[in-house]
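Reviewing the structure listed below.
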Amino acid sequence: MVTVLGLDIGGANTKAVMLSTKTAEITRFRLSSTYFPIWKNSQSLPDILINLKKQLGEDPLDALGLTITAELSDVYQTKREGINNILSCVKTAFCDIPIFVLTTDAELLPIGMTEKNPLCVAAANWAATGWMMARYFNDAVIVDVGSTSTSIIPIINRHTAARGKTDLDKLICGELVYTGSLRTNVATIVHSIPTKNGVASVSSELFALSGDVHLVLENISETDYTSETADGRGKTLTEAYARLARTVCADTDMLAIQEITGIAKYIYEQQINQIATGLAKTYLYLKNNTPDRVPVIITGLGKNFLARKAAEKIGADTIVDLDTLLPKGVALATPATGVAWMVAAKLIGEVPSWISQ
C-alpha cells in the first residue's frame, strides 16, 4: 500500500488530494479544498496545509507532490520570493516525508533541488493536468476553468505540448485566459453593456464578480460561490443583483430584475467569447499538427457552463467531460489529483490505474 498527498497551492484556493494504491491500482481517492487568500496571511499556510491533511484522514504518507501558482500573489515582490516562501511553509507542515515539486517540464524534483531553481516550478499546475489526460488521449485540448483563470492545455502524441511555460508566455499564445467562474472582475470581461435601449460604459471599480453573474443565471449555487464577494456582503440573489446593477453605476431601484438578468446574460456571453478566443488558437495549433480528430476535455468548476460553451462555439470535434473518465470530484481538483498520481507512479515504478469507483 502506497499513500500520497497532492497539493495545489493557489493564490485564493488550496486543494489537497490523497491517493492510496495497492498492486498498481488506485484504491482510494479523497479530496479537500479551502478558500485561503494567501495575500491576507501567507504565514498561516503551514496550518492550512496541516488542517487539509487532517480532513483527509490520519493515514501515514509515503510522499507528497506539490504544485504552486500562489507565487503570483502580490503579497510577494517577485515569483522567486513567493516560491521560496511557499516551499518553506510546505517543509514546515510536512517535515518528515519526501516532497516532490512539479516543474513546467512535467517533471517531479525533490524539494531541495527546486529551492536552487524556484522559477522552474512557478505556475506549473497545468503540467499535472496535461500529464494525467495524456494517459487517456493521443491528441487533445484540455480546458480547465477554475474560480480565477482558465488553462488551455494541448496534448500531442500523448505528451503535453504547451507552447508557453510561464504565465506571460501562456497569456501571449492563448493557453492562459485570465477569466474564471467566481473571482473575475466584471469590468475585465466587458467594457460596455447594452441596457435601457442604449449602451452603458462599465465602471472600472470592483463592483461585481463573475460569481455574481453565474449565481444570477443559476450556473452555480450559493455553496459553489466559495470566494469572497466584491462588497463583502452575502451571496443571495438579492445581493448579487445589487452588485451587478452597480457595474453600470445603477442600483436595484433603477433597474428591474429582468434588466439585471439581461446584463448578466450579456456578460456571460462575453466571458464565453474570452475563453473561446484562447481555445481557438490552441485548437487550430493542434488541428494543424495532427491528422486525427481532436477532442476537447473539459474540467474545473466552470467545465459545463463555460468550458463546454466555449468548445461548442469553436466547433470542437468532440467534447469530453472529465467526470466520465475519473471519479466524481477530480474535476474540481485536477492538478492536485494529477500531481498525486504522478508521485504514486514514481514510488511504485509504474502508472497505477483507477479501479471502478
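Everything in the sequence shown is counted per our numbering, starting at 5 for the first residue and increasing by one.
We put the CB at the ideal spot given by N, CA and C, even for glycine.
Please read all numbers here as calculations on a predicted model, not as lab measurements.
Can you check whether the CB of residue j is closer than 8 Å to the CB of residue i?
i, j, result
"Ala131", "Thr170", "no"
"Met379", "Trp135", "The question about residue 379 has no answer, for the chain in this structure spans 5 to 361."
"Val8", "Asp63", "no"
"Ile224", "Ser185", "yes"
"Leu91", "Phe104", "no"
"Thr227", "Arg247", "no"
"Ser207", "Leu180", "no"
"Ile72", "Val125", "yes"
"Ala340", "Lys307", "no"
"Thr322", "Pro299", "yes"
"Leu290", "Ile160", "yes"
"Leu70", "Leu11", "yes"
"Asp109", "Thr338", "no"
"Ala20", "Lys57", "yes"
"Val220", "Thr265", "yes"
"Ala138", "Arg167", "no"
"Ile352", "Ile30", "no"
"Ile267", "Thr199", "yes"
"Val94", "Leu53", "yes"
"Thr373", "Phe40", "The chain is shown only over 5 to 361; residue 373 falls outside these bounds and no answer can be derived."
"Ser46", "Asn89", "yes"
DSSP state of residue i, grouped into three classes?
i, result
"Gln361", "Its pLDDT being 45, under 50, Gln361 is placed unreliably in this model, and the coordinates cannot settle the point."
"His163", "strand"
"Ala204", "strand"
"Asn88", "helix"
"Leu248", "helix"
"Leu180", "strand"
"Val105", "strand"
"Ile261", "helix"
"Lys350", "helix"
"Val254", "Before going on, a small fix: residue 254 reads as Ala here, not Val. It is coil, neither helix nor strand."
"Asp235", "coil"
"Val94", "helix"
"Leu60", "coil"
"Ser225", "coil"
"Val79", "coil"
"Asp173", "helix"
Could you please give me the residues that DSSP links to residue i through a beta bridge?
i, result
"Ser151", "Ser151 is not bridged to any residue."
"Asn17", "Tyr39"
"Arg32", "Ser24"
"Ala67", "Val8"
"Asn189", "Leu213"
"Leu53", "Paired residues: none, contrary to the question."
"Ser196", "Ser205"
"Pro356", "Pro356 is not bridged to any residue."
"Ile157", "Ile146"
"Ile72", "Ile13, Ala126"
Determine, for residue i, whether the minimum Cβ-Cβ distance to residues of chain D falls below 8 Å.
i, result
"Ser357", "Among the chains of the structure shown, chain D does not appear; only one protein chain is present."
Compute the beta-carbon to beta-carbon distance between residue i and residue j, rounded to the nearest angstrom, for a pair I have assumed lies under 8 Å.
i, j, result
"Gly215", "Arg187", "7 Å"
"Leu60", "Ser36", "5 Å"
"Thr286", "Ile115", "Actually they are not in contact, since the Cβ atoms of Thr286 and Ile115 sit about 31 Å apart, beyond 8 Å."
"Pro379", "Ala28", "In the structure displayed, the chain extends from 5 to 361; residue 379 sits before or after that span and is not available."
"His218", "Phe98", "Not really, about 35 Å apart at Cβ, beyond 8 Å."
"Leu326", "Ile302", "7 Å"
"Leu276", "Ala314", "A quick correction: the sequence has Ile, not Leu, at residue 276. Yes, they are in contact, since the Cβ atoms of Ile276 and Ala314 sit about 5 Å apart, within 8 Å."
"Ala212", "Arg250", "6 Å"
Segments of 3+ residues assigned as beta strand (DSSP E) that fall wholly inside the stretch 267–348: 299–303, 322–325
Alpha helix (DSSP H) runs contained entirely in the stretch 110–155, provided each spans 4 or more residues: Entirely contained in the stretch 110–155, the alpha helix (DSSP H) runs reaching 4 residues are, in chain order, 115–120, 129–137.
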